[in-house]
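In my numbering, the protein residues as written are 1 to 164.
Positions of the beta carbon are idealized from the N, C-alpha and C atoms, including for glycine.
Predicted, not measured: the structure shown is a model, and the values here were computed from it.
Accompanying notes for the structure given below.
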């Protein structure tokens with residue numbers, strides 16, 4: 001396995017790293033409780049998760065260490081904060097949401113961390129499919145309730161995702 005890039009925490013929940021090709025990435029955790037406001041018993045533990053490429057080199061390099069760096073941060077975070085739930089949406093604005101979901105499924109299969117679980121849902125809003133996932137620690141005390149709630153996302157949550 002490759003060593004991850006060195007992460008710098010810019011502020012709480014926001015990290016940055018620079019690749020060997022001088023590409024800068026931001027990885028962030030944000031407040032995700034509004035997506036699950038119908039479930040106040042755990043909504044405060046929901047974080048959104050995402051990452052962006054902030055700068056780019058002239059050529060498009062495949063850099064496997066980017067994957068390992070992001071995975072390493074997720075593992076480290078959820079092992080330290082077992083009560084937290086990571087929620088993320090595969091952006092569909094450019095019609096590439098399904099491809100993004102496949103990539104993240106591939107990443108998760110390679111992860112092979114016994115204590116972390118990834119669950120996927122697809123919400124049909126009528127005019128688009130929205131792919132979303134949660135990652136949680138298997139020791140989360142509310143695991144079963146969280147999974148049931150995730151599978152039955154409310155109409156209001158689906159509308160929030162539609163505007164994502």
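From residue 36 to residue 20, what does the alpha carbon distance come to, in whole angstroms? 38 Å
Euclidean distance between Cα positions of residue 150 and residue 106: 21 Å
Mind checking whether residue 70 and residue 113 have CB atoms under 8 Å apart? no
In this structure, does DSSP put residue 13 in helix, strand or coil? coil
Nearest-angstrom Cα distance between residue 22 and residue 56? 7 Å
Do residue 138 and residue 115 have their C-beta atoms closer together than 8 Å? yes
Where residue 108 and residue 118 are concerned, what is the direct C-alpha to C-alpha distance, given to the nearest angstrom? 7 Å
For residue 78, does the count of other Cβ atoms within 10 angstroms reach 16, so buried, or fall short, so exposed? buried
Using only the alpha-carbon positions, how far apart do residue 148 and residue 39 sit? 11 Å
Using 8 Å as the threshold, is the C-beta distance between residue 64 and residue 136 below it? no
How would you label residue 32, buried or exposed, when you count the other beta carbons within 10 angstroms and need 16 or more for buried? buried
Burial state of residue 74 (16 or more Cβ within 10 Å): buried
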